[in-house]
Amino acid sequence: MHPLQIKLLGIPGWAIFLFLWALALFLFIRKVAEILKEISQGEKEVRWDNLGERICGVVVYVLGQKRLFKEPLAGTLHCIFFWGFIFLNLGVVFDFMEGLFPGIGVVKNTIFFSYWISLIDIVCLLVGVGVIISLIRRYIIRIPRLERNWEAFIILTLIFLIVATDICINGARIVLGEMPRPAFAPGAMIAAVLMDSPLFPKDLLQPALVGFWWLHLTVILCFLVYLPYSKHSHIFMAAFDIFFKKQTPLGQMTCIDIEKAEKFGALGLKDLSWKDLFDLYSCSFCGRCQDKCPAFNTDKPLSPKKIIDSLKKHLKAHKGTNVIEESISSDEIWSCTSCSACMETCPTFIEQMTKIQALKRGQVLMEGKNPPEASQMFKNLENNSNPWGIGSSTRGDWAKDLNLKNALAGEPFEYLYWVGCSGSFDKRNQKVVKAVVKLLQAAGVDFAILGESEGCCGDAARRTGNEYLFQMLAQTNIEIFKTAGVKKIICSCPHGFNTFKNEYPQLGGEYEVIHISELLVDLIKAGNLTFQPSGDQKITYHDSCFLGRYNEIYRSPREIIRLATQKAPLEMKRHHSDGFCCGGGGGRMWLEENLGTRINEARTKEAMASGAEIFAVACPLCLTMFEDGLKSLSAEEKYRVMDVVEILAEKVETPQASPAKEPENA
Amino acid sequence: MKIVALVKQVPDTETKIKLTADGKALETAGIKYVVNPYDEFAIEEAVRIKEKNSGSTVIAVGMGPERMKEALRTALAMGADEGIYIAEENLPGKDGLITARLLAEAIKSLSPDLVICGKQAIDDDEGRVGPALSHYLELPFVANVTKLTVESGKLNLHRELEGRTEVMEVALPAVVSAQKGLNEPRYPSLINIMQAKKKTINELKPEQLLSNDELNKLSTLEETGLNLPPAREKGRKLQGDPEQMVKEIVTFLTETVKIS
Amino acid sequence: MRKIYVVNWLKDGEMPQVNLELLEAAKSIKTGLNGSITLLLLGKPTPEQLNSLKNRGADEIRYFDTPELNQYNLETYTQAISGELEGSEYLLILPGTIQGKELGGKLSARHTAAYIPDVLNFTSNNGEVVFIRPIYAGKARTGLKGKAGSPWIITIRPNTFAPAQETGTEAKIEVKAYTPQNSRIKTLEVIKPQTATLDVSEAKVIVSGGRGMKEAEHFKLLEELAQVINGAVGASRMAVDAGWRDHQAQVGQTGKIVTPDLYLACGISGAIQHLVGMSSSKYIVAINKDAEAPIFEIASLSVVGDVFEILPGLTVELKKIKEQQLCAK
């Protein structure tokens, strides 16, 4: 007899069944509708463009579970749960249909069904084992990023019950003869054997089947209703979240139309976009983002996971009030270095950094509240176009004896070499910039500089939340580029590189932007740059966040080291997209670091542990952070920090004045 | 309380000082103008007093060329409620007395409780407008204030002298000048800047305040010429015997630096 | 012919050296102006103090035997001085201190006088005197002439002129009375901070230490030196991070931007974050073991040496000189 065919207090099983389903669906849908309503409070944003790319994203990241495999064991477990969930749902549908239309039951005698049950059984076993391993990881090994709270425990228990009851149902059916033995269903078979044993009373078999079946149903419906009330809303939201993911580069912040906008950045939840709010319900609080966050790893109060949690709590409490200070402290947002490791690693493509940046903007643009050192930096940018406030008239002084072409002097040129603030004013970075000039000249590249007319690219202002100042600086530069006729820009600073490439187009400035490392590799391959490779020192390369994660340039700087020294560089423990921030981004280079331990010291120690004697970088901020790190660790005697450009320039002979080259540059 | 903050627009501190080709005046091309840094302390203090005493207003007053109005907008963005701009035109000279007298005429009718200015303008470094203004307004004056509290009818303040601090009490209404350390001037938010665009700046011309005769009487100075001091010599480098170096340092300190 | 008035007052009962310097300035300008020098001494000097003044070049000394004038007060001083000025063609010389300048500004309005503060020097040609003063924080200098027929008021900063030496002639001495009036300004007390806690923000002299000082203990060397030359003690970010000094003393991009007359950098390498905090100092003396330290690029005097070998000797020498100066008074 099918469990649905029982009668309880005179009410037929199918009626109870339908009632329970209706109730569960009603509660589920009602809560989901509530969630969607909360999400709709957020600002408008188009996240359904580029449909083709979005569908591909779903295939790779939802069906393929790609990002989860960064941690192989966790990835495998999650895959089991994800695909298991899908298969088991199909099984549930079949049972549902069979109960209402028993005729479907004939399918049971087919070979197809036998394989189907076997598949379900194996899935149940895998899921069951998976739950046990998950419980061990969370509660016995106590992996730090996995929270030990009731929600996790309940869900794991419910999942276990679902698969356990499923196995028992099939076992009971086999013993009762209602189902032929499946091809290969070890779980069901073991259950069958146990229920067929003398220890198990025969007259309990039918009640057991009915019991398991209704228990199975109840647990599934409880699970269904529980989902939207817990962090497991993730289960039905994540796939959509991935569909709606950010398609624009990580290095591109949204542009605010200063003239028309009514608000600038976010103070309350309504100021965030609907996608930001959607993220809050898609998060499973797995903690991978927290694991990668440089602030969290140096004892700062910031954790990207906690940001999502705090925002979600703020939303659930229906607070229309400002987020900062009420649910999230200003220390938390100002600790962010904009390294984007959180966003790069999140399997659901949640945008933690985007929200932090929106909150920073709200604080600066609407409240006028920012760390006092940031105010000083903003004033310096306004008055002298560099974050240190050094006289702008001295910006070109580093090149005064070099006779470089000036882009505004009327002579044509192919590339603009963008020197940047660090390169222009910081003595240490001036050496890097001079090395770039040496290499460009040796390779016969036709370039010009702006000298005194160069003004900050605005990256520091934008990352610190001052969108207004950024746009002013950018507009000034775009005008100058127009006057000078700039089409191609070479950058040695990843911050300038990132903003010219990904952000200036938002304001009408479109150029071909090249990072010096990529240009050099091309020049070497084309035979335009000759040098004497050599080197017996161990070198390790540190990936700049703005070059690596933001723009996926990992190969060329390493290639330069390999070509210059005939050896590939050593890798630190965390490298490539997993690289650990130096601590200088997000405007933090100009802010005090008073909380926790120093990020740059942590990364310097990691570099020291790699066994290298030279730390190679491709960014002036990273260079400063490493050198400071060595100083505070009192290790500057034993290690050297060099830009990859310097490593290559060392191998190039200083060119003598060559008459043959002059016509090119004239 | 009604508080007046005096504002002047000056070239940014990092400006490279150059003379025009004829050597008679300062080369102004390419100069970035900012609110006089000491005036920022004054504006900030005025706004803070307003915030502590509800019903108070802050009026930013300044004299200068057209571009001066930007400086007044900055003051408004920092929290001043309205501005008064006196055009610097048709004046018989750049004498600070003229500035002080014109400001006094503009401010008199406001009957302010407190007038705050910066300790000096970083272009002329005179610090004279404050005390001169206090004479024309017939009010007491204290220079170089580093701490200020308002009590009914009087000010309790600290002011910095050379190497010591004077603790004083001044009857209101009064004029004071602000020294660095008085407060940390706020950086206006974008919202503040946008609101400032809507606040009023009253524009006045000197002839509305004083007759030509009176202005002429106030002009008592004549500028004969500008020059740039010799460029700072590239520093000397000392190496070698510590005792010898100590002697050279002492000579440098006593003769060149002239420390006491 | 223009009469010269030199205004002096006592500082806590002591005679500051600037008083003698003003007399010296008056003496040098006397010939150009063809006038006599009257020294107005506000407050009552001791017999010794009066003796030290009477043959330093003034033709006449007037002092006030009124206790209320023994302490500086802008309003009473303005009254007292104004009461002594005769005619409208005179030169009034005030000390270029905070008090002197506020007095100068006030008097210039009261008497519609040409006002020239911080005079460095002057040139004299047929009775035409041009005063030179610094503008733009000393980056430029301007020459100014006072109009004939107007009074002229100038202030001179301490250490601009040498103190006047004794001459053969004695000044005529007159005691004046002054009827005190209620002032709207009251001085409640004067606080003299210990030089060790003097704030770097507006200190004229800063002795600063960085990583090269190696330990918190060694900052005592800097404190001793600072004491001798009336300076504040500053620190680089490295020293503050290491806990050797309080954040109040931090000079640099994220600390304080300072503009002293003298910045003594000890064991500081001069990374950009520190340089932006002190590069506008008038004079920079840097002591560092590393000959390539970036700070040497902007130092007026670079000393390649060990701070521990240089500082003690330096302090001793300067102490000796200070003692000599005090004895001379």
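If you're matching them up, the sequences are chains D, B and H in order.
Using the working numbering, read the first sequence as starting at 4 and increasing by one per residue.
Using the working numbering, read the second sequence as starting at -13 and increasing by one per residue.
Using the working numbering, read the third sequence as starting at -10 and increasing by one per residue.
The beta-carbon is built from N, C-alpha and C at its ideal position, and this holds for glycine as well.
8 Å CB neighbourhood of residue i in its chain, flanking five on each side removed
i, result
"D:Phe84", "Val130, Gly133, Ile162"
"B:Gly211", "Gly9, Lys10"
"H:Lys203", "Gly256"
N-terminal and C-terminal residue of the alpha helix (DSSP H) that residue i is part of
i, result
"D:Ser137", "114 to 138"
"H:Tyr(-6)", "Here H:Tyr(-6) belongs to no alpha helix (DSSP H); instead the beta strand (DSSP E) covers -8 to -2."
"D:Lys309", "307 to 319"
"D:Met645", "Segment 643 to 646 is the beta strand (DSSP E) holding D:Met645; no alpha helix (DSSP H) there."
"D:Pro560", "558 to 568"
"B:Glu101", "Correcting the residue identity first, residue 101 of chain B is Val in this sequence and not Glu. Careful: B:Val101 lies outside any alpha helix (DSSP H), inside the beta strand (DSSP E) at 100 to 104."
"D:Lys528", "519 to 528"
DSSP three-state assignment for residue i, whether helix, strand or coil
i, result
"B:Gln225", "strand"
"H:Thr112", "strand"
"D:Ser276", "strand"
"D:Asn9", "Here residue 9 of chain D turns out to be Ile, not Asn, going by the sequence shown. The answer is coil: DSSP assigns D:Ile9 none of H, G, I, E or B."
"H:Val265", "helix"
"D:Pro448", "Strictly speaking, residue 448 of chain D in this sequence is Val, with Pro absent from that position. It is coil, neither helix nor strand."
"H:Tyr66", "helix"
"B:Gly50", "strand"
"H:Ser17", "helix"
"D:His579", "helix"
"H:Gln45", "Note that residue 45 of chain H corresponds to Arg in the displayed sequence, not to Gln. Three-state DSSP puts H:Arg45 in coil, outside helix and strand."
"D:Leu202", "coil"
"B:Glu189", "strand"
"H:Glu178", "strand"
Cβ neighbours of residue i in the same chain (closer than 6 Å, five flanking residues each side left out)
i, result
"D:Ser661", "Any reading at D:Ser661 must be qualified, since the residue scores a pLDDT of 46, below 50, and its modelled position is unreliable; the value itself is stated next. If we look at D:Ser661 and ignore the five residues flanking it on each side, it has no Cβ neighbours."
"B:Glu26", "Pro171"
"D:Tyr553", "Leu253, Gly254, Asn501"
"B:Thr135", "Asn142"
"H:Asn59", "Gly32"
"D:Val110", "Phe116"
Cutoff 7 Å; reference residue i; Cβ partners in own chain excluding five residues on either side
i, result
"D:Lys69", "Val63"
"D:Leu522", "Ile493"
Cβ separation of residue i and residue j, assumed to be a contact under 8 Å, to the nearest whole Å
i, j, result
"D:Cys349", "D:Arg291", "7 Å"
"H:Ala215", "H:Val229", "So it is not a contact: roughly 17 Å between Cβ atoms."
"D:Gly268", "D:Met369", "6 Å"
"B:Leu83", "B:Met49", "About 13 Å separates the two Cβ atoms, so there is no contact after all."
"H:Ile82", "H:Ile162", "Contact doesn't hold; Cβ gap of about 19 Å is too wide."
"D:Ala464", "D:Phe381", "7 Å"
Span of the beta strand (DSSP E), counted from its first residue to its last, around residue i
i, result
"B:Tyr152", "It should be noted that the sequence gives Glu, not Tyr, for residue 152 of chain B. B:Glu152 -> beta strand (DSSP E) spans 151 to 157."
"B:His144", "140 to 146"
"D:Val196", "Not the beta strand (DSSP E): D:Val196 falls in the alpha helix (DSSP H), residues 189 to 199."
"B:Thr132", "127 to 137"
"H:Asn23", "Premise fails: H:Asn23 is in no beta strand (DSSP E) and is neither H nor E."
"D:Thr168", "No beta strand (DSSP E) holds D:Thr168; the alpha helix (DSSP H) holding it covers 153 to 178."
Closer than 8 Å to chain A by CB, residue i
i, result
"D:Val326", "Any reference to chain A falls outside this structure, whose protein chains are D, B and H."
Inset, instruction - Mind checking the stretch 176 to 204 of chain B against chain D and listing, in chain order, the residues whose C-beta falls within less than 8 Å of any C-beta there? - result: So the list reads Leu176, Ile177, Asn178, Ile179, given in the order they occur along the chain.
Inset, instruction - Give, in chain order, every residue of the stretch 124 to 136 of chain H whose Cβ lies closer than 9 Å to some Cβ of chain B. - result: Result list: Ile124, Tyr125, Ala126, Gly127, Lys128, Ala129, Arg130, Thr131, Gly132, Leu133, Lys134, Gly135, Lys136.
Legend entry - Under 7 Å (Cβ pairs) to chain D, residues found in the stretch 214 to 228 of chain H: Within the stretch 214 to 228 of chain H, the residues whose Cβ lies closer than 7 Å to any Cβ of chain D are, in chain order, Met227.
Inset, instruction - Closer than 7 Å, Cβ to Cβ, to anything on chain D: give me those residues from the stretch 256 to 272 of chain H, in chain order. - result: Within the stretch 256 to 272 of chain H, Ile261, Val265 place their CB atoms closer than 7 Å to a CB of chain D, listed in sequence order.
Legend entry - Contact list for the stretch -8 to 10 of chain B against chain D, Cβ threshold 8 Å: Hits within the stretch, in order: Asp(-2), Glu0, Thr1, Lys2.
Legend entry - Selection of the stretch 580 to 609 of chain D by Cβ proximity to chain H, strictly under 8 Å: Flagged, chain order: Trp593, Leu594, Glu595.
Inset, instruction - Could you run through the stretch 93 to 107 of chain H and flag, in chain order, every residue whose CB is less than 9 Å away from some CB of chain B? - result: Those residues of the stretch 93 to 107 of chain H that come within reach of chain B (Cβ to Cβ, closer than 9 Å) are Gly93, Gly94, Lys95, Leu96, Ser97, Ala98, Arg99, Thr101, Ala102, Ala103, Tyr104, Ile105, Pro106, Asp107.
Legend entry - Contacting positions in the stretch 272 to 283 of chain H - beta carbon closer than 7 Å to chain D: From the stretch 272 to 283 of chain H, only Pro283 have a Cβ closer than 7 Å to chain D.
Inset, instruction - Anything in the stretch 69 to 96 of chain H with a Cβ closer than 8 Å to a Cβ of chain B? List those residues in chain order, please. - result: Within the stretch 69 to 96 of chain H, the residues whose Cβ lies closer than 8 Å to any Cβ of chain B are, in chain order, Thr86, Ile87, Gln88, Lys90, Glu91, Leu92, Gly93, Gly94, Lys95.
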